[in-house]
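Structure record follows, encoded as structure tokens.
Residue numbers (this note's numbering), protein chains in the order written: chain A, 1 to 422; chain B, 1001 to 1226.
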């Protein structure tokens, strides 16, 4: 079962990617700056040059351009390249170029002086180049160039009467528009491509890292499987064949083989589950009581033992060790004396930080009478378990009756064992 | 408990044919059940649950393509009367709790004896939840997680009553329902009802989780179309 997880970020390459992706943003901010400079330039020229054929039309055009500049400065980065915005850019740009000829005194456009509305249109070529690359920039540039030619007509100038200087003036305007669109388009594409390349390189590096980690893990796994599991399987194979060849098979031998297979089954399982299910300790000095108890349960012969815990139960390693030792003694006692069909070890760390561990069996039970126990020699074991738990500041309680099984309960109060938050 | 006259119709779902054979042999030798279908993957299991009409499904969780939990969800949705008993190799698999939340009626370790398996199949068909001690531990941990300070659960989510908590702890300690009934001086039926309620609350919790998940996703922005 594979769960989708966001790929981890390598800090260094993330920074590189960030830089690469900033390029186009900086470029589009640059275009906004050009818009404002062009607008200011337009107003300045309109004020200084003065006399228009249609002054109202000229100032209306300036007002519309100012509003458009404001709109384009405020529109979000994502919509900078929307078709409507780009169409508006081109319409305003071409419109301003033609309008220049309409409002200027007849024949003035033929001169070499810059006219008020011929700079702003270049921003249309810039934004097209930014959005659609060299092709887009050149297209917009060409439309603006046509509009510039149209402005001469609107200014009642016959193109075939232009002098060489006037023709050169017109040509340089045309070339300016084309060049602006083409160059910005080229730079924008270059930046975009490098951003894509950085991202691809970044992904490749990440994949290589993950692959290396996977391989290393697989090798470690293979080594451990070879060291323990394969050896045991080979032994099982050999002993199984030998037993099959014997006329009578001792049941103890078969039980031993089953035991071996069982031990390797759980060893293999813990290997497989390790990366996912073994929780990491909250700090270096704590250990999982559940892990320790499962180890204990596995080592008990004579009675099947189930371990059930509420969470992993993280405790200081020394406490875990003592509790595990006490549980081991209790389980040995069950296996030897209780004639139980099964035993269950339960452990929990409650909200107050108190630890409870119980060892419960469904066996014969007994009369909990210290006098009688001392007489038949079983008191030593109980004393030893009790001693361990009391050393940790805890208590031991035995709940049993003949025929009712036995429950041994160890309790550790919160302050002494300094519970680790789960 | 008297043995019912007709054997339980069982479907065995496991990707190991050897294991399926073993379960079939054990069940049919015990006389309590007949294996009416076998499946090696979740997909065929969903299909066979419709056609072979088993009463009890013995389900492994580790399946090749369609997981056991996914199959349980589908089977229980389509036929709520079909009881699913999870047979898993390890109690530590997080999927075990998930499977029970999705509607599995119980869970048994693969190391259970032949008699325990037969008994569990009978009990599951009779509508009794089959809880092992280690599953009870997992469920206790799950409900404790909700009650913990700083948990993201809402106040209206189902929690355990003190009595349910007490019974679940006794199950976790290895007591049988009979022993719990004797200890608390109540009937076995009452103990079973409590355990059934705990299961129902667990299923409710699953719904809350889904709802919370949906709300969180809804507030999130749309996925990147990069």
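Beta carbons are placed, not taken as given, at the ideal position from N, Cα and C, and that holds for glycine.
- Identification of residues in the segment 350-361 of chain A having a C-beta nearer than 7 Å to some C-beta of chain B yields 358, 360, given in sequence order.
- For residue 238(A), the enclosing alpha helix (DSSP H) starts and ends at 231-245.
- Not a single C-beta of chain A is nearer than 8 Å to the C-beta of residue 1201(B).
- Taking 8 Å as the upper bound for CB-CB distance, residue 1108(B) and residue 1116(B) are in contact here, some 7 Å apart.
- Spanning the alpha carbons of residue 372(A) and residue 1053(B) requires a straight line of approximately 59 Å.
- The beta carbon of residue 1137(B) sits closer than 8 Å to some beta carbon of chain A.
- In the three-state scheme derived from DSSP, where H, G and I count as helix and E and B as strand, residue 186(A) is classed as helix.
- Less than 8 Å separates the beta-carbon of residue 1055(B) from that of residue 1125(B).
- Per DSSP, reduced to three states, the secondary structure at residue 158(A) is coil, with no helix or strand assignment.
- Distances from the alpha-carbon of residue 321(A) to those of 291(A), 350(A), 345(A), 215(A) put 291(A) closest.
- Listed as beta-bridge partners of residue 1067(B) by DSSP are no residues whatsoever.
- Interface annotation, residue 1068(B): not in contact with chain A, CB-CB separation never under 8 Å.
- The segment 356-371 of chain A and the segment 395-404 of chain A touch, with three or more beta-carbon pairs separated by less than 8 Å.
- In the structure shown, residue 135(A) adopts helical secondary structure according to DSSP, grouped into three states.
- Chain B has no Cβ within less than 8 Å of the Cβ of residue 366(A).
- With respect to chain A, the C-beta atom of residue 1161(B) has no partner C-beta closer than 8 Å.
- For residue 1051(B), the uninterrupted alpha helix (DSSP H) segment begins and ends at 1042-1051.
- DSSP, read as helix, strand or coil, puts residue 1106(B) in strand.
- Contact between residue 360(A) and residue 1189(B) does not hold, since their C-beta atoms are separated by about 23 Å, which reaches or exceeds 8 Å.
- A straight-line Cα-Cα distance of about 27 Å links residue 287(A) and residue 1111(B).
- In the three-state scheme derived from DSSP, where H, G and I count as helix and E and B as strand, residue 1173(B) is classed as coil.
- The beta carbons of residue 1061(B) and residue 1021(B) sit no closer together than 8 Å.
- Remark: fewer than three beta-carbon pairs, one from each stretch, lie closer than 8 Å, so the segment 166-185 of chain A and the segment 205-222 of chain A are not flagged as touching.
- Residue state for residue 193(A) is assigned as helix, using DSSP reduced to three classes.
- The alpha-carbon separation between residue 33(A) and residue 73(A) amounts to approximately 9 Å.
- Secondary structure at residue 1131(B): coil, using DSSP grouped into helix, strand and coil.
- The secondary-structure analysis by DSSP pairs residue 396(A) across a beta bridge with 410(A).
- In this structure, the straight-line span from the alpha carbon of residue 247(A) to that of residue 257(A) is close to 18 Å.
- For residue 1180(B) and residue 1191(B), the gap between their C-alpha atoms comes out near 7 Å.
- Using beta-carbon distances, residue 1132(B) counts as an interface residue toward chain A, with a partner under 8 Å.
- With a contact defined as Cβ atoms closer than 8 Å, residue 1137(B) and residue 308(A) qualify at about 4 Å.
- In the pairwise beta carbon analysis, the segment 96-110 of chain A is classified as not touching the segment 129-142 of chain A: fewer than three pairs are separated by under 8 Å.
- Around the Cβ of residue 22(A), a 10 Å sphere holds fewer than 16 other Cβ atoms; the residue is exposed.
- By the neighbour-count criterion, in which 16 or more other beta carbons inside 10 Å mark a residue as buried, residue 91(A) falls on the exposed side.
- Around the Cβ of residue 1120(B), a 10 Å sphere holds 16 or more other Cβ atoms; the residue is buried.
- Contact check for residue 125(A) and residue 42(A): beta-carbon distance about 16 Å, past the 8 Å limit, so the pair fails to qualify.
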